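Numbering follows numbering that gives the first Met the number 0, with no gaps: position 121 of the sequence shown is 120. Worksheet: the structure to be examined is printed underneath.
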Amino acid sequence: MHIGVIGASGTIGSRIVAEALQRGHHVRAFTRDATLIREERDRIEWESLDIHDADAVAAVLPGLDVLISSYQPGNAGRDIADTVARSIADPTVYVRAAQALLKALESRPRTRLIVVGGTGSLEIAPGVVAADSEEWLDATLDGLGLPREYAAAVRGGRDALDVLRASNRLWTYFSPAQEIAPGERTGRFRIGGDQLVLDADGHSRISAEDAAVALVDEAELPRFVQRRFTVGY
C-alpha cells in the first residue's frame with residue numbers, strides 16, 4: 000500500500016510511519032518543514048505540507064491508498080507545552096483541519112482518510128459525551144497535569160468529529176485511550192466504538208506504539224469507514 004501520514008514527525012505519527020514501513024508499505028511522510036528531517040530508511044519520502052491548505056493537500060493525494068492525519072498544532076513530541084498553548088489559543092484549529100482535509104478529498108473521493116483525534120468525543124456513559132461533562136474534563140485534565148483551559152481544545156476535537164460525520168467522504172476517526180504515551184508495542188489491545196475502553200483497574204490507556212498498530216490495521220483492512228473507533232488495554 001501507499002500510505003500518507005500527516006504529522007509524521009510527532010509522537011503518534013512517527014510510530015505510524017515505523018509500523019507501516021515494518022509491514023512493507025510505502026510511506027509519504029508529511030510535516031511542516033521536511034528540510035529538518037534526516038531520513039535513511041527505504042520506502043519513505045518526506046514532504047513539507049500545511050494541513051490547512053486544502054489545495055496543497057489535494058495535490059499530494061494522487062497515488063495514496065489512504066491518508067492518515069495525526070495533526071497537532073506544534074509538535075507535541077518535542078514540546079507538549081507549546082502544543083497545549085496553541086490549542087488553547089485557537090481551539091477551532093481541529094475543525095479547520097478537518098474541513099481542509101474534506102475539501103481536499105473532493106478531488107479524490109475514493110481515497111480513504113483516517114483522522115487521529117481525541118478522547119473527549121467518546122462516551123463516558125451511554126449518551127454522555129466526555130467533552131460535555133465538566134466533572135470529567137476537570138478530573139481528567141487535572142490528572143494529566145493540563146490546564147483546565149485546555150477543555151476548549153477537547154471540545155474542538157469533538158467538533159471535528161461532527162464535521163466528519165456530516166460528510167460523505169470515506170473517513171475514519173480514531174480516538175486514542177485517555178492515557179497515551181510512548182511505550183511497548185504489544186499488538187494486544189481491545190477495540191471499541193463510541194465508549195472508552197477501560198482496563199481491569201478502570202483506566203483508559205494505550206501505548207503510542209499499539210495505537211499505531213491499530214491505525215495501520217485499519218489502513219490495511221478498513222472496518223470503521225464513516226465511523227469512529229477507539230482502543231485500550
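For glycine and all other residues, C-beta sits at the position ideal for the given N, C-alpha and C. Quick caveat: nothing in here was measured; it's all calculated off a predicted structure.
Nearest neighbour of aspartate 41, chosen from Asp52, Pro108, Leu35, Ala28 [CA to CA]:
Locating residue 41 in the sequence shown gives position 42, counting from the first residue. Nearest of Asp52, Pro108, Leu35, Ala28 to aspartate 41, Cα basis: Ala28.
Next on the checklist: Can you look up isoleucine 87 in the DSSP assignment and give me helix, strand or coil?
Outcome noted: Walking along the sequence shown from the start, residue 87 turns up at place 88. Three-state DSSP puts isoleucine 87 in a helix.
- Query: Touch check for the region 221-228 and the region 168-178: three-plus C-beta pairs under 8 Å?
  - Reply: yes
(Q) Could you check whether alanine 207 and alanine 180 sit closer than 8 Å to each other, using their CB atoms as the reference points? (A) For the purposes of this step, residue 180 is identified with residue 181 of the sequence shown, where counting begins at 1. For the purposes of this step, residue 207 is identified with residue 208 of the sequence shown, where counting begins at 1. A contact, by the Cβ cut-off of 8 Å.
Any contact between the region 132-143 and the region 81-98? By contact I mean 3 or more CB pairs, one from each, below 8 Å. no
### Query
Cβ atoms of serine 68 and valine 115: under 8 Å apart, would you say?
For the purposes of this step, residue 115 is taken as the residue at position 116 of the sequence shown. For the purposes of this step, residue 68 is taken as the residue at position 69 of the sequence shown. Yes, Cβ-Cβ distance for valine 115 and serine 68 is below 8 Å.
**Q.** Beta-carbon gap between aspartate 242 and alanine 55 smaller than 8 Å
**A.** No statement about residue 242 is possible, as the shown extent of the chain runs from 0 to 232 and does not include it.
Glycine 119 burial status per 10 Å Cβ neighbour count (16 or more: buried): Sequence index remark: in the sequence shown, residue 119 carries index 120 (1-based). Glycine 119 should be labelled buried.
| said: With the cut-off set at 8 Å, would you say valine 196 and glutamate 18 are in Cβ contact? | reply: Here the question's residue 196 lines up with position 197 in the sequence shown. Here the question's residue 18 lines up with position 19 in the sequence shown. Cβ distance not < 8 Å, so valine 196 and glutamate 18 don't count as in contact.
Pairwise C-alpha distance: alanine 124 and glutamate 44:
The residue given as residue 44 occupies position 45 in the sequence shown. The residue given as residue 124 occupies position 125 in the sequence shown. Spanning the two alpha carbons is a distance of roughly 43 Å.
| said: Need the endpoints of the alpha helix (DSSP H) that glutamate 183 sits in, please. | reply: Along the sequence shown, read from residue 1 onward, the residue named residue 183 stands at position 184. Unbroken run through glutamate 183: none, as it is neither H nor E.
Practice task
Run the CB neighbour count on alanine 138, radius 10 Å, all protein chains shown included, and call it buried at 16 or more, exposed below.
Solution key: Taking the first residue of the sequence shown as 1, we reach residue 138 at position 139. Exposed is the call here.
(Q) Give me, in chain order, the residues of the same chain whose beta-carbon lies closer than 7 Å to that of alanine 7; leave out the 5 immediate sequence neighbours on both sides. (A) Here residue 7 corresponds to residue number 8 of the sequence shown, with the count starting at 1. Counting only Cβ-Cβ distances below 7 Å, and skipping sequence neighbours, we find Ser13, Val16, Ala28, Phe29, Thr30.
- Using DSSP with H/G/I as helix, E/B as strand and the rest coil, what is leucine 121? On the sequence shown, position 122 is the one that residue 121 refers to. Three-state DSSP puts leucine 121 in coil, outside helix and strand.
### Residue range of the beta strand (DSSP E) that includes threonine 229
Along the sequence shown, one-based indexing puts residue 229 at 230. Segment 226-231, the beta strand (DSSP E) holding threonine 229.
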